[in-house]
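Here the working numbering is used: position 25 in the sequence shown is 80, and no number is missing along the way. Even glycine gets a Cβ: it sits at the ideal position worked out from N, Cα and C.
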Amino acid sequence: MSVPAAYLGIILIWSTTPLTIQWSTQGVDFALAVLARMAIGLATALLILFAGRTRFPVHPRALLAYGVGGVGLFTSMALTYWSARFVHSGLISVIFGLAPLMAGIMATFLLGEKSLTPWKIFGTLLGVAGLGVIFLHGGSVGGERFLGGLAALLGSVFFYSACLVWLKRIGDDSPPLATTVGSLAVATPLFALLWFSASAGLPTAVPWRTGAAIVYLGVFGSAVAFTMYYYVIKHMRATRIALITLITPVIALLLGSVFNGERVTPSLAAGTALILLGLAAHQREALLPMLRRNRRK
Numbered sequence: 056m057s058v059p060a061a062y063l064g065i066i067l068i069w070s071t072t073p074l075t076i077q078w079s080t081q082g083v084d085f086a087l088a089v090l091a092r093m094a095i096g097l098a099t100a101l102l103i104l105f106a107g108r109t110r111f112p113v114h115p116r117a118l119l120a121y122g123v124g125g126v127g128l129f130t131s132m133a134l135t136y137w138s139a140r141f142v143h144s145g146l147i148s149v150i151f152g153l154a155p156l157m158a159g160i161m162a163t164f165l166l167g168e169k170s171l172t173p174w175k176i177f178g179t180l181l182g183v184a185g186l187g188v189i190f191l192h193g194g195s196v197g198g199e200r201f202l203g204g205l206a207a208l209l210g211s212v213f214f215y216s217a218c219l220v221w222l223k224r225i226g227d228d229s230p231p232l233a234t235t236v237g238s239l240a241v242a243t244p245l246f247a248l249l250w251f252s253a254s255a256g257l258p259t260a261v262p263w264r265t266g267a268a269i270v271y272l273g274v275f276g277s278a279v280a281f282t283m284y285y286y287v288i289k290h291m292r293a294t295r296i297a298l299i300t301l302i303t304p305v306i307a308l309l310l311g312s313v314f315n316g317e318r319v320t321p322s323l324a325a326g327t328a329l330i331l332l333g334l335a336a337h338q339r340e341a342l343l344p345m346l347r348r349n350r351r352k
């Protein structure tokens, strides 16, 4: 698989993930929804692994990568699923747009990347301003529950960004599919413990849309997307990987409005615009060459 194809695949899947996460928690406990997703994802990834006879390394560096990937996946997804009950699906993608800003700061200290240039600092400040606008007007959107969900999402983005940079630092050379299987194998039992400790039991019935969303997230949102994600991690800089989040928020907001009836308030629109402008400024060095190539064509 080529890097551009994997990159595009991640954008398409991650644009639909926030909406399907919300659908997957309708009628079932959020812990059960994420557990079912990860179990399906693990089963799918294992089938692909065995069918393709892909090697599954168990050397110390690979095991460390599996552990970091699994714990990061658990913390990030647990917080995301919990917050999805109180936050619009499109906003989930918008908040994850802050990942490049967090990853850039972490990469500076952990990977030695030159991520704190004047443009990147300016972009980070714009992103923080956009987040502040959304927080300040949160009461008009959904009150305390909304603000709590927003705070949980920020924690999710932090763990996601830290995991991305840590995996880049480990530099494991295992096949991306093996990293996916290993990470899911670590995360799935943790999600089972979360469900056993927080759940009220199995639902008597599961709405068809909820079930379809869980299956979609398990197969495509987990097994396929995570494999492509770990693939691009090995071939791109950490800050450029997170550039994906410059595109997905716009698509996710549109999908949430069309298919979920979510209203984009002026404060949400303003905050989103500031975050996207901040991302554009932060990734200016990556965007300029692409724009120049398009002009030549």
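Cutting at 6 Å between CB atoms, please list the residues of its own chain near residue i, excluding the five before and the five after it.
{"i": "residue 339", "result": "174"}
{"i": "residue 289", "result": "none"}
{"i": "residue 64", "result": "283"}
Residues in its own chain within less than 7 Å of residue i by CB, not counting five upstream and five downstream?
{"i": "residue 346", "result": "Confidence in residue 346 is poor, its pLDDT being 49 and thus under 50, which makes the residue's placement unreliable; the coordinate value appears in the next sentence. Closer than 7 Å at the Cβ level, and outside the excluded window around residue 346, lies no residue."}
{"i": "residue 265", "result": "78, 79, 81, 82, 83"}
{"i": "residue 324", "result": "none"}
{"i": "residue 109", "result": "230, 232, 233"}
{"i": "residue 362", "result": "Outside the displayed range of the chain (56 to 352) lies residue 362, so it cannot be described from this structure."}
Beta-carbon within less than 8 Å of residue i's beta-carbon, same chain only, minus the 5 sequence neighbours each way: which residues are those?
{"i": "residue 215", "result": "127, 131, 151, 154"}
What is the residue span of the alpha helix (DSSP H) that residue i lies within?
{"i": "residue 111", "result": "First-last for residue 111: undefined, no H or E at that position."}
{"i": "residue 244", "result": "231 to 253"}
{"i": "residue 226", "result": "Run containing residue 226: none; DSSP gives neither H nor E here."}
{"i": "residue 336", "result": "321 to 337"}
{"i": "residue 314", "result": "303 to 315"}
{"i": "residue 77", "result": "58 to 79"}
{"i": "residue 173", "result": "173 to 191"}
{"i": "residue 155", "result": "154 to 165"}
{"i": "residue 144", "result": "144 to 151"}
Nearest to residue i by alpha carbon, out of the options?
{"i": "residue 158", "options": "104, 133, 139, 211", "result": "211"}
{"i": "residue 101", "options": "234, 313, 328, 284", "result": "234"}
{"i": "residue 239", "options": "285, 221, 213", "result": "285"}
{"i": "residue 277", "options": "242, 247, 146, 301", "result": "242"}
Could you tell me if residue i is buried or exposed, where buried requires 16 or more neighbouring beta carbons within 10 angstroms of its beta carbon?
{"i": "residue 268", "result": "buried"}
{"i": "residue 70", "result": "buried"}
{"i": "residue 237", "result": "buried"}
{"i": "residue 244", "result": "exposed"}
{"i": "residue 195", "result": "Residue placement at residue 195 cannot be trusted, given a pLDDT of 49 that sits under 50; what the coordinates show is reported in the next sentence. Residue 195 should be labelled exposed."}
Using a Cβ-Cβ cut-off of 8 Å, state whether residue i counts as contacting chain D.
{"i": "residue 205", "result": "Going by chain labels, chain D is absent from the structure shown, which holds only one protein chain."}
### Stretch pair the region 254 to 272 + the region 77 to 84: three plus CB contacts closer than 8 Å
Counting Cβ pairs under 8 Å, three or more are found: they touch.
### Query
Between the region 181 to 190 and the region 113 to 120, are three or more C-beta pairs nearer than 8 Å?
Output reads no: the region 113 to 120 does not touch the region 181 to 190.
### Query
Does the region 272 to 279 come close enough to the region 88 to 108 to have 3 or more Cβ pairs within less than 8 Å?
Under the three-pair Cβ rule at 8 Å, the region 272 to 279 counts as touching the region 88 to 108.
### Message
Three or more C-beta pairs under 8 Å: does that hold for the region 242 to 257 against the region 303 to 310?
### Response
Too few Cβ pairs lie closer than 8 Å, so no.
### Touch test, the region 134 to 141 against the region 322 to 336, Cβ-Cβ under 8 Å, three pairs minimum
The region 134 to 141 vs the region 322 to 336: no contact.
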